[in-house]
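Colleague: In the working numbering, the protein residues as written are -10 to 267.
Sending over a structure as structure tokens; questions will come in a sec.
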């Protein structure tokens, strides 16, 4: 099977047996499709994929950003899947096995999920299972879109990182809240950036969002200041979101570490749906 991707083009035989994957979103899809995995990085593993930390069954092949080339070479994989975090290792990994770079377009999250899932479905001959899972996600999204439209409120998305705060807009890693689910933007001029736009408490009060979605990066990468402490101050307490009980804390393991999969996306949607009941 010929596969074209953003970093190149590869030939891979269908139903590859020895699979190495460097993205937990793709691992999530493969897990749902019962695709056998041989090697993967085991640090920062989300709780719902914890079984893959069993080193008696799977081989630990480095970190999400730094592959252990020697261990991967020993496995002699039939295919390697990577995403942005391991992109710099593409050339080196390609010397070991056909390497497929799969990514998420922040402007079209669900379009990317569909594209990636269908590629995996074709490669592993699981097309029917893929369509069933995508159909479930589509139904859930349409339901939430209706509820968001009925509420007709705006939102601001921020990432708390050990005391620092960054805001994220519609074309960002968290943009699904705006560009798919339909929350209006409290700030339409946020710079598009991988690491968001650095902001202050005063900025949040100035934008005064009706909903404030908060992702706590420190909770998954290690930090001393949690997001609820960051948000617990007199300036934030002046916002409409705080006064109406609409500061929503999102799970960092699905919003920051594991985007792009079936279970993770379902969990993301459920968290937004829960926010709508406040």
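Cβ atoms here follow ideal geometry from the backbone N, Cα and C, with glycine treated the same way.
Assuming residue 47 and residue 16 are in contact, meaning their beta carbons sit under 8 Å apart, how far apart are those beta carbons, in whole angstroms?
Modeller: That pair is no contact at about 10 Å.
Colleague: What residues match up with residue 173 in a beta bridge as DSSP calls it?
Modeller: Answer is 143, bridged to residue 173.
Colleague: Let me check one thing: in DSSP terms, what residues is residue 205 bridge-paired to?
Modeller: Its beta-bridge partners are 149.
Colleague: In the DSSP assignment, find the alpha helix (DSSP H) that holds residue 192 and state where it starts and stops.
Modeller: First-last of the alpha helix (DSSP H) with residue 192: 190 to 196.
Colleague: Quick check on DSSP: helix, strand or coil for residue 252?
Modeller: Correct three-state label for residue 252: helix.
Colleague: For residue 238, name the three-state secondary structure that DSSP assigns.
Modeller: The answer is strand: DSSP assigns residue 238 an E or B state.
Colleague: I'd like the span of the alpha helix (DSSP H) that includes residue 15, first residue to last.
Modeller: Counting along the chain, the alpha helix (DSSP H) containing residue 15 begins and ends at 13 to 21.
Colleague: Just confirm the distance between the C-beta atoms of residue 199 and residue 235, as a whole number of angstroms; I'd bet it's less than 8 Å.
Modeller: Right, their Cβ atoms sit about 6 Å apart.
Colleague: Restricting to Cα atoms, I'd like to know which of 11, 56, 29 and 104 is closest to residue -6.
Modeller: Checking every option, the nearest Cα to that of residue -6 belongs to 104.
Colleague: To which residues of the same chain is residue 85 closer than 6 Å at the C-beta, ignoring the five residues directly before and after it?
Modeller: For residue 85, where only same-chain residues beyond five positions count, the Cβ hits under 6 Å are 61 and 62.
Colleague: With DSSP as the reference, label residue -2 as helix, strand or coil.
Modeller: Looking at residue -2 - three-state DSSP - the assignment turns out to be strand.
Colleague: Using a 10 Å radius around the Cβ and a threshold of 16 neighbouring Cβ atoms, would you call residue 175 buried or exposed?
Modeller: Its Cβ being crowded by 16 or more others within 10 Å, residue 175 is buried.
Colleague: Measuring only the C-alpha atoms, how far is residue 100 from residue 203?
Modeller: Roughly 24 Å separates the two Cα atoms.
Colleague: Look at the Cβ atom of residue 96, then the Cβ atom of residue 168, and state whether they are nearer than 8 Å.
Modeller: Closer than 8 Å, so yes.
Colleague: If you draw a straight line from the alpha carbon of residue 52 to that of residue 139, how long is it in whole angstroms?
Modeller: Cα to Cα, the separation comes out at about 43 Å.
Colleague: For the 8 Å Cβ check, are there 3 or more pairs between the region 227 to 246 and the region 106 to 115?
Modeller: The region 227 to 246 vs the region 106 to 115: no contact.
Colleague: Determine the direct distance from the alpha carbon of residue 166 to that of residue 270, and round the result to whole angstroms.
Modeller: Nothing about residue 270 can be read from this structure; the chain reaches only from -10 to 267.
Colleague: Could you pull out every residue in the same chain whose Cβ sits closer than 6 Å to the Cβ of residue 154, ignoring the five residues on either side in sequence?
Modeller: The answer, listed in chain order, is 147 and 188.
Colleague: According to DSSP, is residue 72 helix, strand or coil?
Modeller: Three-state DSSP puts residue 72 in coil, outside helix and strand.
Colleague: Please report how far the alpha carbon of residue 9 lies from the alpha carbon of residue 57, in whole angstroms.
Modeller: Roughly 11 Å separates the two Cα atoms.
Colleague: Could you tell me whether the Cβ atoms of residue 170 and residue 133 are closer together than 8 Å?
Modeller: Their beta carbons are under 8 Å apart, which means residue 170 touches residue 133 by this criterion.
Colleague: Measure the C-alpha to C-alpha separation of residue 28 and residue 39 and round it to an integer number of angstroms.
Modeller: Their backbone Cα atoms lie some 14 Å apart in a straight line.
Colleague: What does a CB cutoff of less than 7 Å around residue 50 pick up in its chain, not counting 5 residues either side in sequence?
Modeller: Excluding sequence neighbours, residue 50 sits near 9, 28, 29, 30, 56, 57, 60 and 61.
Colleague: For residue 124, count neighbouring C-beta atoms within 10 Å of its own C-beta (all shown protein chains included) and say buried if the count is 16 or more, exposed if not.
Modeller: Result: exposed.
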